[in-house]
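Let me begin by presenting the structure, written as structure tokens, before commenting on it.
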Amino acid sequence: MRYYIINAEGKEVYFDVSTGKQTRDGAVGFEVKTESDGTKNYYMKSLAGKNYISQDMISWEKAPKISNNKGVVNINESLNVYRGFKPSGLGQGSAGTLVTDMPGKVVKLLTAEGAMVQQGDTLLILEAMKMENEIKAGVDGVVKIVNVKEGQNLDSGHLMIEIEE
Amino acid sequence: MRYYIINAEGKEVYFDVSTGKQTRDGAVGFEVKTESDGTKNYYMKSLAGKNYISQDMISWEKAPKISNNKGVVNINESLNVYRGFKPSGLGQGSAGTLVTDMPGKVVKLLTAEGAMVQQGDTLLILEAMKMENEIKAGVDGVVKIVNVKEGQNLDSGHLMIEIEE
Amino acid sequence: MKAKRILICNRGEIAIRVAKAARELGHVAVGFWTDSEPQASHLEYCDEWIHLKGSSNAETYLNMDQILKVIRERGIDAVHPGYGFLSENTTFCKKLEDAKVIFIGPHPEAIYKMGDKAVSKQMAKEAGVPVVPGSTGEIESAEEAAVVAKEIGYPVLLKAVAGGGGKGMRIVESEKDLSKNFDAVRREAQSSFGNPGVLVEKFIVNPHHIEVQILADNKGNVFHCFERECSIQRRHQKIIEEAPSPFIGEDEDLRQKICSTAVKLAKAVNYNSAGTVEFIMGEDKSFYFLEMNTRIQVEHPITEQVTGVDLLTNMIQAALGEPMDINSQEEIKINGHAIECRVCSEDAVTMLPAPGQVNGFECTFPQGIRFDHCIYNGLEVKPDFDPMIGKLIGYGHNRAVVIRKVRGALRGLVIEGIKTNVALHQVILAEESFQRGLYTTNYINEVQPQEKVEELKSVESLYKKALAIEINAIQERRGL
Amino acid sequence: MKAKRILICNRGEIAIRVAKAARELGHVAVGFWTDSEPQASHLEYCDEWIHLKGSSNAETYLNMDQILKVIRERGIDAVHPGYGFLSENTTFCKKLEDAKVIFIGPHPEAIYKMGDKAVSKQMAKEAGVPVVPGSTGEIESAEEAAVVAKEIGYPVLLKAVAGGGGKGMRIVESEKDLSKNFDAVRREAQSSFGNPGVLVEKFIVNPHHIEVQILADNKGNVFHCFERECSIQRRHQKIIEEAPSPFIGEDEDLRQKICSTAVKLAKAVNYNSAGTVEFIMGEDKSFYFLEMNTRIQVEHPITEQVTGVDLLTNMIQAALGEPMDINSQEEIKINGHAIECRVCSEDAVTMLPAPGQVNGFECTFPQGIRFDHCIYNGLEVKPDFDPMIGKLIGYGHNRAVVIRKVRGALRGLVIEGIKTNVALHQVILAEESFQRGLYTTNYINEVQPQEKVEELKSVESLYKKALAIEINAIQERRGL
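Residue numbers (the working numbering), protein chains in the order written: chain A, 1 to 165; chain B, 166 to 330; chain C, 331 to 810; chain D, 811 to 1290.
Spelled out as structure tokens, the structure:
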């Protein structure tokens, strides 16, 4: 079983997990193998309907039940965890590629294809969760693609604007 | 599917339950058929991880998850609920048959086989849950069987004493 | 007392809070679910569940026709609007009045007068309540705004007439930024409140946001439940509140003065429900009336914790014309301290909303924590809804104890699957000027706590998170 | 402050309460599990879990050798004993002292003096604290008891020297019942406390059980946190407690008098921890010292709720020699009212223990409820353990509000699979003399609330219960 964990900035951590044996007092052992840390042993135990993880069977930490198949978990930032395989087509836009990370509505478009822009220029205003958010250029360059119209409702992951450096 | 519900005093309620169809908004219908009340319809719905029961799909009541196979539930007194079948050998002792309803230890035996007893006489003292409990005769009569010794540890359901009226 | 059928026109944590109070008083709590939220967790505390057709807020919680139809069909006696949605809508109040249904809130005139910033300011002036210098009415254009701004001096604050909760507000430092910001506020005002009216006023430097809780009934009782300080804000929205105010501190004269000023205004509008008078307080402890919120507020629990007064049950009693639990001002006392952290589905660093689905949730709290929330494993936080999904409230003997308790609670609050601002709260509660109680509404901008949020914990935690998924898979296979 | 490693020598709800406090203060909470309770739910709040071999209490929580072995092996700095088990055992204190481990409780001399009823009575007399007339030392035989009883007059109370919590106590109305009861008390005293010593004293008619919470440290601070009334008892065990006492009511002079009397006794034994001085108060408001409990008590939460003082964190601070959160008597104030119902696995009518396994558990509570408990779906209540599995605590603005809240909470507390006394609490909280606050320790015997417990609810509920099992079966099939 191999896990890939890919975080919001495109960083990727992967490691193998294999299930070991049940111990005498009801804990289940896991082996986690990584390139950087080698092999580590973890134990899981269910207690009064909750799950706990330990490395030494003495110090235990609560492991919340993660209930959906997407397996997104949260380590201050949200991470996508892929169980057992790496999905195709995943990747992260460069600073010049503006992609929505939440659904929203284009309130105002402030640029056009062919325009020269500087890093930090506001290119469009996106209303999402009742807030106006200024979407700014991540690099200096020329606007190559504008894939939105004013008033348009966008889904998450929509490519809005691409800038050529 | 037939349910038997048998309470501590040996009262018995039984009825048929059949599962109906899933409704549009995720509720599941049940039909409950009884001799006294005829057929009634109930609906079950899961909401945010909890279960609810309704008769009209408007007024809902929480239905705690009952998690073990024995299916003991509690309506002020504890009831044994038997799912789908009536187990053999079930029955309730008469007032002259003294059976433990919890594990305990015989501290003092105050009667013997052949003794004449009156209703309310203390026949033995049973220590359970750190308390001394006086076990009393339920009827007037003669002690036929004494099935305990002082100091003996008893399981639940142990016949201690039988009195012939 | 006959049991009333109380309809809760709201969702999330406040719907739960209202339902708890309605049931406690022996009434029937009737709640809504919509097509966009069939798993509405607040229904756990409702006796009856009604389907509001539609998904958007406009089709459901703002849809008066559909709500009134439900009221007629289900024999509703009284409506609690919670906060937001129809809580300060006089048209809704009027329609309820016509339908002979009790609105659990103040009389419509109070909502109208206090809901309009220009009118409320005028009312305050007449009642002898100090107000911030600024435009006396709506400003129609950026040019007109510039004239007023020049008169009262920069910096100035632009705000939507119909606004609230920090939405539709911007600070302008100089004339060159005025026009762009004026347009933006008008746009936000129109889209959020359906009213593009804008006001201009003097911006107080190093200000404190201090508000007074009012509790009043139809029998002429107008009590205050002391103050809250809500100066920790981002984008003019409160994220941490506390009671009593650390800025007022031990100054009992000032406390009495601001509280009695609030009562004065409430009496001037014949206020007859729970409400909040908001003030801005300068460095010199002078304070000005900002606005009155004619509804129960998000941060009401900290007042409940320090006074022991249940604001919701009293609010319902007042509306139904029953005697309130509280009989006199003297009964209401502060004991201890309380702090609330608003838990939002947003990026802890950028503080931008981040909708998503919760797929893991655990609480392991110290003693003295109250968590008003609507979170469960599976909750979908939609862009339509407010990103606030919970309020972590700590109560203790003094401020230092409460900070310790809330920090412990934040460590024990695990929400997986969505981004939250829990890590930001951890930074703020550990930060020195917050701990010393020395902060103004500029706190976030000046201290920049978001920069201290840890980007990523150890790889160790990554393994554990992945194992949590594996454990779940194993348990599913075993049917646990 | 360096983090200490704190071992909790207890189980159930009090182990959870102690662990919460230890963690809040930044210490490491170390907890036990035993062979009879591998699913010990209190470990949820413990950082480290240690296996105590064996099943009976004698093999585990009372087994000093095994516990001391763990203390050495796991580098423990301090031990919290909770209540019961080794909480008032001076031998254990001595062994900890030898091992250079801090005992989170008072110094052993205070435990010894207050733990022995004859010695404590003598101490109280010397400190000028009034005591109930009775034997001055242990009574060896029923004959000797009869002599004392004749002298002080019937009715008399027989009680175990080493007892507590109502175990090993009996009232004797006349000489003819003395011999039989004396034997029983000696037997219970021997089996429960390992000490057959018995005392005889005057039995006060229509008495109130009123106790004062003490909080003291090693620095000479001895504070009180006001009183609790614990007069609702069955078999001399408290089942409902409240703070403040309705019998003392508005009589602030009496309140000050009983509280300062308690402080006087605590000072006389150089008390240096959390503890409770118990009094019996007659109809005429005269009060007599009963005993001092030199540990944290079951009913401590009601004091925490009305004063805002966290007794556990202060108790730990005191033992570790750190400054307590509380600095002066003046800081400690009562605001509002609190009531606690002990939820026990027992028959609601006969009030006899009824062990079993919980197989369904739900809480749907009003605002203002605290539930300290160790219940979960699957909990096995064993005959070895105390039948108390939870404490339902309501807090509110006044007594009437709290009664309303607790009644709401009792309606929303569902425990399936075992018998509980929830229905009995419902009857008591609805009963007129309780609601008026007019009750004595004779309440259960005189009012007989258990007779009003509904034997069986409608057949309707039977169907619903059965459906709950069916739902679970369906969900299991679907893997939900």
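Positions of the beta carbon are idealized from the N, C-alpha and C atoms, including for glycine.
Quick one: which chain D residues come within Cβ less than 8 Å of residue i?
i, result
"A/Gly-49", "Tyr-1186, Asn-1187 and Gly-1188"
"B/Val-246", "Lys-1275, Ala-1276 and Ile-1279"
"C/Val-639", "His-1207"
Residues of chain A with CB under 9 Å from residue i, in chain order?
i, result
"C/Leu-768", "Those do not exist, as C/Leu-768 stays about 27 Å from chain A at its closest Cβ, beyond 9 Å."
Identify the continuous beta strand (DSSP E) that holds residue i and give its terminal residues.
i, result
"D/Tyr-1205", "1198-1206"
"D/Asp-1182", "1179-1183"
"D/His-1047", "His is not the amino acid found at residue 1047 of chain D; the sequence shown has Gln there. Where D/Gln-1047 is concerned, the enclosing beta strand (DSSP E) stretches over 1047-1053."
"C/His-667", "667-674"
"C/Cys-376", "Here C/Cys-376 belongs to no beta strand (DSSP E), and DSSP marks it neither H nor E."
"D/Phe-902", "That residue, D/Phe-902, is in no beta strand (DSSP E); its alpha helix (DSSP H) goes 900-908."
Only counting the same chain, and skipping five residues up and downstream in sequence, which positions put a Cβ closer than 6 Å to that of residue i?
i, result
"C/Gly-767", "Pro-576"
"C/Tyr-618", "Pro-460, Val-461, Val-462 and Ile-610"
"D/Leu-817", "Val-840, Ile-886 and Val-889"
Counting only the same chain and skipping the five closest in sequence on each side, list residues whose C-beta sits under 7 Å from that of residue i.
i, result
"C/His-372", "Arg-341, Gly-342, Ala-345, Ile-346, Ala-349, Gly-361 and Cys-704"
"B/Gly-306", "Gly-261, Val-282, Ile-328, Glu-329 and Glu-330"
"D/Val-1159", "Gln-1260 and Val-1263"
"C/Asn-802", "none"
"D/Cys-1173", "Phe-1181, Gly-1222 and Leu-1223"
"C/Glu-613", "Asn-536"
"D/Cys-1040", "His-1019, Glu-1021, Lys-1048, Glu-1051 and Glu-1109"
Along chain D, which residues have their Cβ under 7 Å away from the Cβ of residue i?
i, result
"A/Gly-26", "Pro-848"
Comparing alpha-carbon positions, which option in the options lies nearest residue i?
i, options, result
"D/Lys-1048", "D/Lys-1229, D/His-1019, D/Asn-1145 and D/Arg-882", "D/His-1019"
"D/Val-1079", "D/Tyr-855, D/Val-995, D/Lys-904 and D/Pro-918", "D/Pro-918"
"D/Val-1108", "D/Ile-981, D/Thr-1086 and D/Glu-907", "D/Thr-1086"
"D/Ser-846", "D/Tyr-871, D/Ala-832, D/Glu-854 and D/Ala-831", "D/Tyr-871"
"C/Ile-441", "C/Ala-429, C/Phe-433, C/Ala-592 and C/Thr-420", "C/Thr-420"
"B/Pro-229", "D/Val-1168, D/Gln-1245, D/Gln-1177 and D/Met-874", "D/Val-1168"
"D/Lys-927", "D/Glu-1060, D/Thr-1104, D/Glu-1241 and D/Val-1232", "D/Thr-1104"
"C/Gln-756", "C/Lys-749, C/Thr-771 and C/Leu-740", "C/Leu-740"
"C/Ile-656", "D/Ile-1149, D/Ile-1106 and D/Ala-1210", "D/Ala-1210"
Anything in chain A within Cβ reach of residue i, meaning under 7 Å, just list it in chain order.
i, result
"D/Asp-857", "Ser-59"
"C/Thr-694", "Lys-62"
Short of 8 Å in beta carbon distance, which residues of its chain neighbour residue i, apart from the five on each side in sequence? Order them along the chain.
i, result
"D/Lys-960", "Glu-985"
"A/Pro-87", "Below a pLDDT of 50, predicted positions are generally treated as unreliable, and A/Pro-87, at 45, falls in that range; the measurement from the model is reported next regardless. Nothing listed; no residue qualifies."
"B/Thr-188", "Gly-194, Tyr-208 and Met-222"
"D/Gly-1193", "First, the amino acid is wrong: residue 1193 of chain D is Pro here, not Gly. The residues are Pro-1163 and Pro-1165."
"C/Phe-556", "Val-542, Gln-543, Ala-573, Pro-574, Arg-585, Cys-589, Thr-633, Val-636, Thr-637, Ile-662 and Ile-664"
Mind pulling the chain B residues with CB within less than 9 Å of residue i?
i, result
"C/Ser-371", "Leu-212, Ala-213, Gly-214 and Lys-215"
Which chain B residues sit within Cβ distance under 8 Å of residue i?
i, result
"D/Ala-1278", "Asn-216, Ile-218, Ala-228, Pro-229, Lys-230, Ile-231 and Val-238"
"C/Glu-781", "Near C/Glu-781 there are no residues of chain B at all, since even the closest Cβ is about 36 Å away, more than 8 Å."
"C/Glu-374", "Leu-212, Ala-213, Lys-215 and Lys-227"
For a contact meaning CB atoms closer than 8 Å, what does residue i contact in chain A?
i, result
"C/Lys-794", "Tyr-42, Ile-53, Glu-61 and Ala-63"
Under 8 Å between beta-carbons, which chain C residues line up against residue i? List them in chain order, please.
i, result
"A/Glu-127", "Ser-521"
"D/Arg-827", "Gln-697"
Under DSSP, the alpha helix (DSSP H) around residue i begins and ends at which residues?
i, result
"D/Leu-1122", "1121-1130"
"C/Glu-630", "Here residue 630 of chain C is His; the residue named in the question, Glu, does not match the sequence. C/His-630 -> alpha helix (DSSP H) spans 630-637."
By the criterion of Cβ-Cβ separation under 7 Å, what are the contact partners of residue i in chain C?
i, result
"D/Glu-834", "Pro-696, Arg-734, Lys-735 and Gly-738"
With a cut-off of 8 Å, do at least 3 Cβ pairs link the region 1119-1131 of chain D to the region 1195-1203 of chain D?
no
Please determine if the region 516-529 of chain C and the region 476-493 of chain C are in contact, where contact requires at least 3 C-beta pairs separated by less than 8 Å.
yes
Cβ pair count under 8 Å reaching 3, the region 452-461 of chain C against the region 404-415 of chain C
no
Tell me, please, whether the region 214-226 of chain B touches the region 142-149 of chain A by the rule of three or more beta-carbon pairs shorter than 8 Å.
no
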